[in-house]
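Report on one structure; see the data block that follows.
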Amino acid sequence: MEPFLGCPRELIDSILEQLFLRDLVALSITNKRLYDLATPLLYSRIDFSVRRDNPRPLIRLCRSVFNKPELATHIKHVRLRDGEPELHKLYEDSFLWQYKAPKVSPPQPTDDDGIPEFTSFIANTGLSYADIWIEKLREGDLNAFVALLLSRLPNLASLRVGHAVNQFLGKVFETAVFDTSNHGLPRFQHLEEISSPGPMDGDPGRNPDFCNPRGMMALLSLPSMRSVSGWCLNPSSLPFTWPAGPPDMAHLTSLHLSFVHVDFLAQILERTPSLKCLSWEWKYLPDLDPLNTDTLDLDRFVEALKPVQDTLEDLTIKVTNTMAYGDSDYQYINVRGSLNGLSSFSNIKRFKAPFTVLLPDWDCDENPTRRLEDSMPPNVEVVTLTDQGIRCDTYAYSQEDEMAKLRAWVTETASTRTPSLVEICLYLVYGSDWIDSGNYEDFERVFEGSSLKHRIIKQEDEKPWEEV
1 MEPFLGCPRE LIDSILEQLF LRDLVALSIT NKRLYDLATP LLYSRIDFSV RRDNPRPLIR
61 LCRSVFNKPE LATHIKHVRL RDGEPELHKL YEDSFLWQYK APKVSPPQPT DDDGIPEFTS
121 FIANTGLSYA DIWIEKLREG DLNAFVALLL SRLPNLASLR VGHAVNQFLG KVFETAVFDT
181 SNHGLPRFQH LEEISSPGPM DGDPGRNPDF CNPRGMMALL SLPSMRSVSG WCLNPSSLPF
241 TWPAGPPDMA HLTSLHLSFV HVDFLAQILE RTPSLKCLSW EWKYLPDLDP LNTDTLDLDR
301 FVEALKPVQD TLEDLTIKVT NTMAYGDSDY QYINVRGSLN GLSSFSNIKR FKAPFTVLLP
361 DWDCDENPTR RLEDSMPPNV EVVTLTDQGI RCDTYAYSQE DEMAKLRAWV TETASTRTPS
421 LVEICLYLVY GSDWIDSGNY EDFERVFEGS SLKHRIIKQE DEKPWEEV
């Protein structure tokens with residue numbers, strides 16, 4: 001052992017990095033010298049499943065970093081995956097996603113769990129939301145403990161959480177970035193990546209103050225931020241004003257946003273000169289978000305993309321019409337314009353969108369001149385077509401019509417209109433008519449005589465809770 005401990009620190013670290021976690025733990029309890037060497041690696045990456053009904057593993061971690069603050073300085077990457085089977089069912093069922101996640105009753109933490117130290121720290125911050133934070137801690141609320149952990153991590157570089165974590169995060173980051181007082185929270189100057197998909201159901205939570213747009217603005221204002229995947233409600237009015245002035249987002253290369261209005265998106269994209277990957281999910285939430293009306297303007301969306309026209313390489317569009325809460329009737333939406341303007345986005349290599357926005361004829365009448373490829377970037381290499389519906393009784397095309405449009409593109413114009421095209425994927429969402437019928441021959445026939453790669457991807461085969 002002595003010859004090993006006499007090696008240069010860089011060599012020792014490179015060897016220890018190759019060990020499995022269990023072996024590293026065993027090594028760390030051998031002697032104090034090995035403990036000191038192994039501890040930074042043991043704590044550099046926090047990765048485990050969390051449950052709303054039992055946050056005790058997270059509570060124990062919080063207690064450790066409170067008792068030994070030096071441990072918190074080692075934590076650079078945090079990944080908290082959804083561990084509840086009930087949440088997994090919401091992913092898997094084609095209809096349950098429309099309803100709220102089941103309520104839970106976590107055990108209340110005790111003084112032995114560190115509650116006195118936790119509450120004292122929060123009370124001393126002087127934050128306006130300290131009381132509700134403390135209240136949630138005493139209730140054993142998972143979100144409150146995630147926020148508590150973050151409040152002790154000055155060197156955090158990446159944060160990835162699942163759908164169970166959907167409150168407090170924005171508020172913590174808003175405080176860290178925009179509140180200049182000495183509240184005791186880190187400033188997250190090293191944070192480069194965050195992924196927080198938000199609630200699984202349409203309801204963003206009972207406390208709208210914890211999903212306000214200032215939290216998203218705070219994340220985008222962090223100086224080292226490279227990748228943001230998140231959500232928030234829209235500002236009360238547009239255009240909005242950046243709380244601390246327009247930020248420099250030159251480092252940001254990847255952006256995944258849901259809920260946000262197209263004009264909100266446009267103001268963000270004005271500040272992202274290096275953006276390569278964009279995923280935008282438009283949602284209609286009539287009970288919560290008055291800005292997102294029942295009309296989706298595709299021309300305005302393409303216009304919003306203009307600031308990233310020369311850098312964008314990967315574009316995903318999703319559209320969700322969320323049922324009004326307590327209302328058994330769906331409200332249909334309207335689509336205006338088209339994606340034809342994407343013909344000038346020559347750097348996009350990967351593109352994903354639903355048929356219903358690629359063929360935007362919403363007046364019940366087919367347009368014989370409408371071509372699927374007119375909505376495509378010219379140099380696209382991989383296209384993923386989704387059968388995500390937008391609940392509108394005036395959409396002009398059936399499944400057979402969509403396949404006919406696809407066949408015409410593949411056989412007649414693909415080689416000239418999209419000469420770099422390599423693969424076309426059909427992404428089938430939960431409850432897809434394709435899956436219900438079990439007949440995929442129409443899709444296969446599209447590619448008869450073509451050398452293009454093609455495949456079917458089923459949402460039901462994915463396990464997104466493992467991909468956090």
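Mapping of the sequence shown onto the working numbering: residues 1 to 468, in sequence order. Think of the CB as a built atom: it goes at the ideal place given N, C-alpha and C, for glycine as much as any other residue.
Original post:
Exposed or buried, what is Phe259 when buried is set at 16 or more other beta-carbons lying within 10 Å of its beta-carbon?
Top reply: Walking along the sequence shown from the start, residue 259 turns up at place 259. Around the beta carbon of Phe259, a 10 Å sphere encloses 16 or more other beta carbons of the protein chains shown; the residue is thus reported as buried.
Original post:
DSSP puts Tyr284 in a beta bridge; with which residues?
Top reply: Numbered from 1 along the sequence shown, position 284 holds the residue referred to as residue 284. Listed as beta-bridge partners of Tyr284 by DSSP are Asn321.
Original post:
Taking buried to mean at least 16 other C-beta atoms within 10 Å of its own C-beta, is Val446 buried or exposed?
Top reply: The count along the sequence shown starts at 1 and reaches residue 446 at position 446. Looking at its Cβ environment, which holds 16 or more other Cβ atoms inside 10 Å, Val446 is buried.
Subject >> Straight-line Cα distance separating Leu58 from Leu34 >> reply: Along the sequence shown, read from residue 1 onward, the residue named residue 34 stands at position 34. Along the sequence shown, read from residue 1 onward, the residue named residue 58 stands at position 58. Approximately 25 Å between the Cα atoms of the pair.
**OP:** Grab the span of the beta strand (DSSP E) containing Asn124 for me, first residue to last.
**Re:** Translated into positions along the sequence shown, residue 124 becomes position 124. Asn124: not part of any beta strand (DSSP E); member of the alpha helix (DSSP H) spanning Ile115 to Thr125, first to last residue.
**OP:** Could you tell me whether the Cβ atoms of Val511 and Gly162 are closer together than 7 Å?
**Re:** Here the chain comprises residues numbered 1 to 468, so residue 511 is not present and cannot be evaluated.
**OP:** Can you check the region 56-95 for any beta strand (DSSP E) of at least 3 residues that lies completely inside it and give the ranges in chain order?
**Re:** Those beta strand (DSSP E) runs which fall completely within the region 56-95 and span 3+ residues are 77-82.
Original post:
If we count Cβ pairs, one from each stretch, closer than 8 Å, do we get three or more for the region 163-183 versus the region 132-150?
Top reply: Yes, the region 163-183 is in contact with the region 132-150.
Original post:
With DSSP run on the structure shown, which of helix, strand or coil describes Ile12?
Top reply: As a first step, residue 12 must be located in the sequence shown, where it is residue number 12. Three-state DSSP puts Ile12 in a helix.
**OP:** Go ahead and pull the three-state DSSP assignment for Lys306.
**Re:** Here the question's residue 306 lines up with position 306 in the sequence shown. DSSP places Lys306 in helix when its eight states are reduced to three.
**OP:** Would you mind sorting Glu441 into buried or exposed? The rule is 16 or more other CB atoms within 10 Å of its CB.
**Re:** As a working note, residue 441 is residue 441 in the sequence shown. By the 16-neighbour rule on beta-carbons within 10 angstroms, Glu441 is exposed.
Subject >> Buried versus exposed call for Asp294 [16 or more other C-beta atoms within 10 Å across all chains shown] >> reply: Within the sequence shown, the letter at position 294 stands for residue 294. By the 10 Å Cβ count, Asp294 comes out exposed.
Subject >> Where the beta strand (DSSP E) containing Val383 begins and where it ends >> reply: In the sequence shown, residue 383 corresponds to position 383, counting from 1. Run containing Val383: Val382 to Thr386, per the beta strand (DSSP E) assignment.
Original post:
Along the chain, which unbroken stretches of the beta strand (DSSP E) at least 3 residues long are found entirely within the region 13-53?
Top reply: Assignment of beta strand (DSSP E) within the region 13-53, counting only whole runs of 3 or more residues, yields 45-50 in chain order.
Original post:
The alpha helix (DSSP H) with Tyr266 in it runs from where to where?
Top reply: Along the sequence shown, read from residue 1 onward, the residue named residue 266 stands at position 266. The residue asked about is misnamed: residue 266 is Ala in this sequence, not Tyr. Boundaries of the alpha helix (DSSP H) around Ala266: Val262 to Leu269.
**OP:** State the Cα-Cα distance for the pair Thr316 and Lys352, rounded to the nearest angstrom.
**Re:** Here residue 316 corresponds to residue number 316 of the sequence shown, with the count starting at 1. Here residue 352 corresponds to residue number 352 of the sequence shown, with the count starting at 1. The straight-line gap from Cα to Cα measures roughly 5 Å.
Original post:
Hey, is the region 9-25 in contact with the region 99-113, meaning 3+ C-beta pairs nearer than 8 Å?
Top reply: No, the region 9-25 does not touch the region 99-113.
Original post:
To which residues does DSSP link Lys352 through a beta bridge?
Top reply: Walking along the sequence shown from the start, residue 352 turns up at place 352. For Lys352, which the question treats as bridged, DSSP gives the partners Thr316 and Thr384.
Original post:
Residues in its own chain within less than 8 Å of Glu139 by CB, not counting five upstream and five downstream?
Top reply: Here residue 139 corresponds to residue number 139 of the sequence shown, with the count starting at 1. Within its own chain, the residues whose Cβ lies closer than 8 Å to the Cβ of Glu139, once the five positions on either side in sequence are excluded, are Pro106 and Gln108, listed in chain order.
Original post:
Looking at the C-beta of Leu372, does it have a partner C-beta in chain B at a distance below 7 Å?
Top reply: Given the protein chain composition of this structure (a single chain), no chain B is represented.
**OP:** Hey, could you find the ends of the alpha helix (DSSP H) Glu469 is sitting in?
**Re:** Here the chain has residues from 1 to 468 only, and residue 469 is not among them.
Subject >> Rounded Cβ spacing between Leu421 and Ile456 (contact assumed at less than 8 Å) >> reply: Against the sequence shown, residue 421 aligns to sequence position 421. Against the sequence shown, residue 456 aligns to sequence position 456. Contact flag wrong, Cβ pair sits at about 17 Å.
Original post:
Where does Phe355 land, buried or exposed, given buried means 16+ other C-beta within 10 angstroms?
Top reply: Taking the sequence shown and counting its residues from 1, the one referred to as residue 355 is at position 355. Label assigned to Phe355: buried.
Original post:
With DSSP run on the structure shown, which of helix, strand or coil describes Ser344?
Top reply: Numbered from its first residue, the sequence shown carries residue 344 at position 344. Of the three classes helix, strand and coil, the one that applies to Ser344 here is helix, per DSSP.
Original post:
Can you tell me whether Lys463 is buried or exposed, with buried defined as 16 or more other CB within 10 angstroms of its CB?
Top reply: Against the sequence shown, residue 463 aligns to sequence position 463. Exposed: under 16 other Cβ atoms inside 10 Å.
Original post:
Comparing alpha-carbon positions, which option in Leu406, Val410, His454 and Glu460 lies nearest Tyr430?
Top reply: Reading the sequence shown from its first residue, position 430 is the one you call residue 430. Minimum Cα distance to Tyr430 is reached at Glu460.
Original post:
Cys277 bridges to which residues according to DSSP?
Top reply: On the sequence shown, residue 277 is found 277 positions in, with the first residue counted as 1. Its beta-bridge partners are Ser254 and Asp314.
Original post:
Who are the Cβ neighbours of His469 in its own chain at under 6 Å, not counting the five residues just before and after it?
Top reply: Any question about residue 469 goes unanswered here, given that the chain covers just 1 to 468.
Subject >> Chain-order list of residues whose beta-carbon lies under 6 Å from that of Asp113 (same chain, five-residue window excluded) >> reply: Start at 1 with the first residue of the sequence shown, and residue 113 comes out as number 113. By the criterion of a C-beta distance shorter than 6 Å, Asp113 is surrounded in its chain by Ile59, once the five residues flanking it on both sides are discounted.
Subject >> Contact check, Ile348 vs Leu312, beta carbons under 7 Å >> reply: Numbered from 1 along the sequence shown, position 348 holds the residue referred to as residue 348. Numbered from 1 along the sequence shown, position 312 holds the residue referred to as residue 312. It is a contact, given that the beta carbons lie within the stated cut-off.
**OP:** Less than 8 Å between the CB atoms is what I'm expecting for Leu275 and Val308, so what's the real figure, rounded?
**Re:** The residue you call residue 275 lines up with position 275 of the sequence shown. The residue you call residue 308 lines up with position 308 of the sequence shown. 5 Å between Cβ atoms; contact.
Original post:
Taking Cβ to Cβ, would you say Arg300 is nearer than 7 Å to Val262?
Top reply: Mapped onto the sequence shown, residue 300 falls at position 300. Mapped onto the sequence shown, residue 262 falls at position 262. Taking a C-beta distance under 7 Å as the contact criterion, Arg300 and Val262 qualify as a contact pair.
Subject >> Cβ-based neighbour list, Asn473, same chain, cut-off 8 Å, excluding 5 preceding and 5 following >> reply: The first residue shown for the chain is 1 and the last is 468, placing residue 473 beyond what the model contains.
**OP:** For Asn334, write down the residues that DSSP places opposite it in a beta bridge.
**Re:** Position 334 of the sequence shown, counted from the start, is the residue given in the question as residue 334. Answer is Thr295.
Original post:
How many angstroms separate the CA atom of Glu10 from the CA atom of Ser49?
Top reply: Along the sequence shown, one-based indexing puts residue 10 at 10. Along the sequence shown, one-based indexing puts residue 49 at 49. C-alpha separation (whole angstroms): 31 Å.
Subject >> Ile122 and Ile132 closer than 7 Å at C-beta >> reply: Sequence index remark: in the sequence shown, residue 122 carries index 122 (1-based). Sequence index remark: in the sequence shown, residue 132 carries index 132 (1-based). Cβ atoms of Ile122 and Ile132: not closer than 7 Å.
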